[in-house]
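Note sheet for the following structure.
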Amino acid sequence: MTSTSPRPGRLDPEIAARLKRSPDGLLPAIAQQYDTGEVLMLGWMDDEALHRTLTTGRCTYWSRSRREYWVKGDTSGHFQWVKSVALDCDADTVLVKVDQVGAACHTGARTCFDADVLFEAGDGAAGAGSGTPASDR
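Residue numbers (the numbering used here): 7 to 143.
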C-alpha cells in the first residue's frame with residue numbers, strides 16, 4: 007500500500023495526542039532486535055505508519071524520499087515482525103522491538119550501524135573519553 011503524502015490515520019486518539027512529531031508530521035522509529043538488543047535501523051513513521059505497525063504486526067515506515075509508505079520486507083523478503091512498540095520519555099521517538107528476518111539495511115547488512123563506526127571504547131578503558139577513534143585503529 008502506498009500513498010502520495012503522510013496523513014493522519016486511524017491511530018488511537020489517546021496515543022496520537024501524546025506524540026510530539028517533527029514539523030512534517032513524522033517520528034523517528036528505531037528498530038531493535040527484540041532478543042539481543044541489537045539496534046537495526048532508523049526509519050520514519052507518521053500516524054498512519056504507526057497505526058499500521060500496531061495493527062498488522064509488521065513495521066510500516068514513511069519514505070521521505072519516495073513519499074510513500076513501505077512495509078519492511080514486502081520487496082526484500084527481510085521482514086520485521088513486531089514484538090513490542092514503546093514511546094520514549096519525551097514522546098518524540100518510537101522504539102520498535104522486532105524479530106528481524108534477514109538484513110535490516112538496504113545495503114544488505116544485518117544492521118545499518120555496522121559499516122561506519124566513528125568511536126569505540128578501548129579494551130579495559132573506563133569512561134567515555136578513554137576510547138580510540140575508529141580512524142586510529
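Even glycine gets a Cβ: it sits at the ideal position worked out from N, Cα and C.
- Shortest Cα-Cα distance from L93 to any of F85, V102, S69 and F119 involves V102.
- In this structure, A55 sits near Y67, with a CB-CB distance shorter than 8 angstroms.
- Here L48 is exposed, its C-beta having fewer than 16 other C-beta atoms within 10 Å.
- Take A97, set aside five residues on each side of it, and the residues of its chain with a beta-carbon closer than 7 angstroms to its own are R24, L25 and K26, in chain order.
- In this structure, V107 lies away from G63, with their beta-carbon atoms at least 8 angstroms apart.
- Bridge partners of V107 according to DSSP: none are assigned.
- Of the residues R72, S28, A35 and D30, the one whose Cα lies closest to the Cα of V88 is A35.
- It is roughly 24 angstroms from the alpha-carbon of Q86 to the alpha-carbon of C95.
- Inclusion of G31 and D52 in the CB contact set at 8 angstroms is warranted, their separation being smaller than that value.
- Where E44 is concerned, there is no enclosing beta strand (DSSP E), because DSSP gives it neither an H nor an E.
- In this model, C65 and V77 are separated by some 6 angstroms (Cα to Cα).
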